[in-house]
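So the structure is just underneath, and the comments pick up after that.
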């Protein structure tokens with residue numbers, strides 16, 4: 365099985381691949397956007413595409429090098445601006461990564477820019493440290509240019525050899541082994557990304573605040589403030605740290621708008637783009653080939669976390685605890701997040717009426733778009749972990765990591781069981797994230813304006829009774845997970861396939877249907893039937909015997925090829 369038939373790839377984007385990878389390199393080199401963008405992973409993926417023969421090595425080197433150089437320039441100029449507004453209030457020395465960048469610069473001078481490119485989170489902070497230290501502009505430009513090319517050459521080469529290793533090991537790995545590797549890699553990437561954001565976000569905010577103060581102190585800006593006092597006062601209040609309607613509300617509103625825009629984008633993609641719908645059907649066919657009885661049972665237990673028989677007792681337990689400790693602010697936020705996502709998902713299901721996948725292991729009759737399990741995994745469980753953070757049971761990093769991990773696993777279980785399409789799960793995550801942010805905003809507002817001082821907790825007997833009730837309800841939820849009926853009813857995949865017919869099925873789009881092809885074989889075979897050629901491409905597709913046909917392998921790389929104008933042998937809508 366070809367490497368690019370399993371892992372997400374940029375191959376179908378053609379020349380745009382160069383620009384996207386170069387942009388990712390630039391965004392990571394700029395410390396503000398580098399908090400969120402794992403540019404090095406994009407560059408390594410570009411090296412894999414080079415190994416696959418999809419793009420050219422030296423052309424990609426130029427794009428990556430120029431992108432990283434531009435990102436370093438942005439970091440240097442940001443440091444020069446921020447240095448004018450630095451104050452002791454922000455304490456940059458508290459950032460471990462910034463101190464590492466400073467020590468690296470003090471020890472190696474300009475050569476630190478070259479070394480820093482290969483040090484992950486430190487890479488975007490070295491230009492900032494050089495700027496704050498007052499490094500000469502011409503000297504910085506020289507070293508910044510020199511640092512971009514070793515970074516590009518090294519990481520693209522690393523990706524190339526990674527692709528070679530995958531080509532060599534591919535025939536020896538079973539489907540289940542490949543699935544396990546993919547899941548572990550995705551989990552590791554999620555955990556790494558969460559840790560990166562949590563640790564670097566305070567530094568990024570402090571530097572941006574310093575830039576803001578420097579801009580405000582500029583004579584032209586001061587003149588504008590005097591000319592428009594009301595507008596300037598309104599903007600100033602939006603960044604106050606002493607009021608909920610200041611910086612807190614601004615950040616929450618920005619996060620909500622960002623999630624909302626992405627969510628609307630996914631809906632338009634679903635409505636307007638045939639390749640998106642084709643991607644859903646092809647991925648469903650691909651997942652079917654990885655079915656085993658054991659993994660189906662595990663997935664059923666995981667997906668039970670989104671079932672109302674589990675969510676309801678946990679919600680009642682949380683309500684009892686919050687009432688006993690008089691945390692009405694958190695209780696209101698939890699209610700808004702839970703009820704809001706439930707209402708949104710119900711409404712969207714009624715609007716789109718997308719049928720469930722015909723390849724699904726369990727028979728479901730409710731609408732498919734969006735996934736209610738994915739939505740509740742983020743909105744409800746995310747707010748539960750937020751509560752645990754607010755009452756100081758968990759720190760921010762474990763709470764955020766737990767939320768992301770649980771949401772990922774629940775969504776993945778829905779995809780593995782083929783109870784939902786990929787776009788259903790992604791849209792469910794976004795709906796849940798939107799209502800999680802809204803719930804947090806409501807809780808923060810309630811805390812500040814309705815409960816400036818928390819009332820005393822309930823008497824000790826009432827609290828003990830609440831704890832006992834919470835324990836019973838949590839145990840009941842755990843029992844529901846263990847004895848989940850879907851998991852108990854799992855049989856062999858071949859038994860489930862035996863009830864399928866060869867008649868075309870409806871993929872459940874809004875504007876039409878796409879015929880699906882059913883599979884009847886099991887997933888036990890290895891990938892040895894898909895030998896790798898010297899350029900890393902599989903010429904024999906191992907799923908041929910599974911009934912998918914050699915002309916149309918159900919692979920993620922093929923799901924997005926219609927966007928690039930390539931012809932694929934799958935039937936499309938008329």
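Residue numbers (this note's numbering): 365 to 938. Even for Gly, the Cβ is constructed at its ideal location relative to N, Cα and C.
Look at the region 488-548 and you find these whole runs of alpha helix (DSSP H), each 4 residues long or longer: 489-496 and 501-533.
Residue range 395-398 is occupied by the alpha helix (DSSP H) that includes residue 397.
The C-alpha of residue 592 lies about 28 angstroms from the C-alpha of residue 444.
Rounded to the nearest angstrom, the Cβ distance from residue 520 to residue 424 is 6 angstroms, consistent with a contact under 8 angstroms. Here residue 541 is not near residue 412, since their CB atoms are 7 angstroms or more apart. With fewer than 16 neighbouring CB atoms inside 10 Å of its own CB, residue 565 falls in the exposed class.
Contact between the region 785-799 and the region 686-697 is absent, with fewer than three C-beta pairs closer than 8 angstroms. For residue 665, same chain residues with a beta-carbon under 8 angstroms away, outside a window of 5 residues either side, are 845, 846, 848 and 851 in chain order.
Residue burial is scored here from C-beta neighbours: residue 581 has fewer than 16 other C-beta atoms within 10 angstroms and is therefore classed as exposed.
In terms of Cα proximity to residue 729, the closest of 714, 530, 436 and 429 is 714. Comparing C-alpha distances from residue 689 to each of 739, 754 and 706 shows the shortest one belongs to 754. The alpha-carbon separation between residue 648 and residue 721 amounts to approximately 8 angstroms. Taken through DSSP and simplified to helix, strand or coil, residue 717 comes out as coil. Between residue 560 and residue 400, the alpha-carbon positions lie close to 8 angstroms from each other. If you draw a 10 Å sphere on the C-beta of residue 602, you find fewer than 16 other C-beta atoms in it, and that means exposed. Nearest to residue 747 by C-alpha distance, out of 802, 646 and 518, is 802. Residue 854 and residue 672 have their C-alpha atoms spaced approximately 20 angstroms apart.
For residue 644 and residue 421, the gap between their C-alpha atoms comes out near 32 angstroms. Residue 689 sits in coil when the DSSP states are folded into three classes, being neither helix nor strand. About 30 angstroms separates the beta carbons of residue 835 and residue 558, which is beyond the 8 angstroms limit, so they are not a contact pair. Following the DSSP letters along the chain, one finds residue 784 in no alpha helix (DSSP H), marked with neither H nor E. Taken through DSSP and simplified to helix, strand or coil, residue 731 comes out as coil.
For residue 842, the enclosing alpha helix (DSSP H) has its first and last residue at 824-846. Within the same chain, 474 come within 8 angstroms of residue 503 by CB-CB distance, once the 5 residues on both sides are set aside. Straight through space, the alpha carbons of residue 556 and residue 496 are spaced by roughly 28 angstroms.
Per DSSP, the continuous alpha helix (DSSP H) segment holding residue 415 begins and ends at 403-415. Shown here for residue 437: same chain residues with a beta carbon closer than 7 angstroms to its own, the five before and five after excluded, namely 508 in chain order. Sixteen is the threshold: since fewer than 16 other Cβ atoms of the shown chains lie within 10 Å of the Cβ of residue 600, the residue is exposed. Where residue 751 is concerned, the enclosing alpha helix (DSSP H) starts and stops at 736-754.
The beta-carbon separation of residue 736 and residue 792, rounded to 7 angstroms, stays under the 8 angstroms limit for a contact. Spanning the alpha carbons of residue 510 and residue 702 requires a straight line of approximately 52 angstroms.
Residue 516 places its beta carbon less than 7 angstroms from that of residue 428.
Taken through DSSP and simplified to helix, strand or coil, residue 591 comes out as helix. With respect to the 7 angstroms criterion, residue 789 and residue 707 are not classified as neighbours on the basis of their beta carbons.
Secondary structure of residue 581 (DSSP, three-state): coil.
For residue 766, the enclosing alpha helix (DSSP H) begins and ends at 760-780.
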